[in-house]
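S.K.: Everything in the sequence shown is counted per UniProt numbering, starting at 1 for the first residue and increasing by one.
From the three backbone atoms N, C-alpha and C, an ideal C-beta is built for every residue, glycine too.
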Amino acid sequence: MVPGAGMSSAASDDMRSLYPSLYDGGADFDAVLAEVTRSTVEKAHEIVALRAEMCRRNAGRIAACARALARSFEQGGRLFAFGNGGSSTDGHAIAELFTNPGPGACPLPALALTSDVAVLTALGNDVAFEVIFARQLAALGRTGDIVVGLSTSGGSADIVHALEEARRLGMVTVGFAGYDGGRMAECGAVDHLFVVPSSSVHRIQEAQTTTYQVLWELIRRELDAGTGRAESPR
């Protein structure tokens, strides 16, 4: 297919500006390959450095958070994770980590609050989008349960409202944010806050993934060092 075929002139110009090499018959593909290689290596170095910085800043706090969450699970607590867009997939990944930990490990009760499309659309349409997670916690959450809210900006209203509702209910609150932490850092409702010091959404989400993976591993170690399994949910 010829680039731009069937497109309006404006759309074709937009495509040309985004992907100039597709329209340049004399493109130097060795140069393109070299640039892709350089960019990939640069991004790999960026995330390695960012992960190291997260460890330097948060190692003690991650360990403290793991101990607190392990105690909650031992006492029958459940985990609720939530986020918007890409962060919602991280919420699902967290829930999957705890409920399907692999051979020989006891599954732990965890749920991603973006799982029920009917509930999300009903609350968003009938009440307000800002309450789509807070209302679910009001119905499902109990004192001693755990919430994990994820946001790259830290400023998502629905995430902040949910964390505030969780605090009101006496739940253990964990927040993941980027930039300077945004409203999540200001609201006073987060017991354990992990801010990725970056303005790149891609690097923020990559570092957040590493952080909650490490957190999960430490929680498993805490549980193995104690009873070895969590109690059944209350």
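In angstroms with no decimal places, state the Cα-to-Cα distance between residue 201 and residue 152.
M.R.: Looking at the two C-alpha atoms, the distance is approximately 6 angstroms.
S.K.: Which word fits residue 100, buried or exposed, when buried means at least 16 other C-beta atoms lie within 10 angstroms of its C-beta?
M.R.: Around the beta carbon of residue 100, a 10 Å sphere encloses fewer than 16 other beta carbons of the protein chains shown; the residue is thus reported as exposed.
S.K.: I'd like to check one pair, residue 98 with residue 108: are the Cβ atoms closer than 8 angstroms?
M.R.: yes
S.K.: With the cut-off set at 8 angstroms, would you say residue 169 and residue 124 are in Cβ contact?
M.R.: no
S.K.: Go ahead and label residue 29 buried or exposed: buried means 16 or more other beta carbons lie within 10 angstroms of its beta carbon, across all protein chains shown.
M.R.: exposed
S.K.: Mapping the DSSP letters down to three states, classify residue 163 as helix, strand or coil.
M.R.: When secondary structure is reduced to three states using DSSP, residue 163 falls in the helix class.
S.K.: Apply the 10 Å Cβ neighbour rule to residue 224 and answer buried if 16 or more other Cβ atoms are within range, or exposed otherwise.
M.R.: exposed
S.K.: Is it buried or exposed, residue 45, if we count other Cβ atoms within 10 angstroms and call 16 or more buried?
M.R.: exposed
S.K.: Hey, how far is the Cα of residue 73 from the Cα of residue 33?
M.R.: 49 angstroms
S.K.: I'd like the span of the beta strand (DSSP E) that includes residue 82, first residue to last.
M.R.: From DSSP, the beta strand (DSSP E) with residue 82 extends over 79-83.
S.K.: How about residue 154 and residue 185: do their beta carbons lie closer than 8 angstroms?
M.R.: Yes, the pair counts as a contact, with Cβ atoms nearer than the cut-off.
S.K.: May I ask you to list the residues that DSSP assigns as paired with residue 176?
M.R.: In the DSSP assignment, the residues bridged to residue 176 are 150, 194.
S.K.: Does residue 93 come out as helix, strand or coil in the three-state DSSP assignment?
M.R.: helix
S.K.: Are the Cβ atoms of residue 144 and residue 75 separated by less than 8 angstroms?
M.R.: yes
S.K.: Could you say which of 88, 61, 53 lies nearest to residue 218 if we only look at CA atoms?
M.R.: 61
S.K.: Quick test of the definition: if touching needs 3 or more C-beta pairs under 8 angstroms, does the stretch 40-56 touch the stretch 125-136?
M.R.: no
S.K.: At what residues does the alpha helix (DSSP H) containing residue 44 begin and finish?
M.R.: 29-74
S.K.: Going by DSSP, name the residue or residues bridged to residue 111.
M.R.: 80
S.K.: Skipping 5 residues on each side, what residues in its chain have a beta carbon closer than 6 angstroms to that of residue 206?
M.R.: By the criterion of a C-beta distance shorter than 6 angstroms, residue 206 is surrounded in its chain by 47, once the five residues flanking it on both sides are discounted.
S.K.: Report the residue from 164, 198, 38 whose alpha carbon sits nearest the alpha carbon of residue 180.
M.R.: 198
S.K.: Pick out whichever of 133, 84, 63 has its Cα sitting closest to the Cα of residue 193.
M.R.: 63
S.K.: Can you tell me which of 174, 178, 196 puts its alpha carbon nearest to the alpha carbon of residue 190?
M.R.: 174
S.K.: Candidates 43, 178, 103: which alpha carbon is nearest residue 149's?
M.R.: 178
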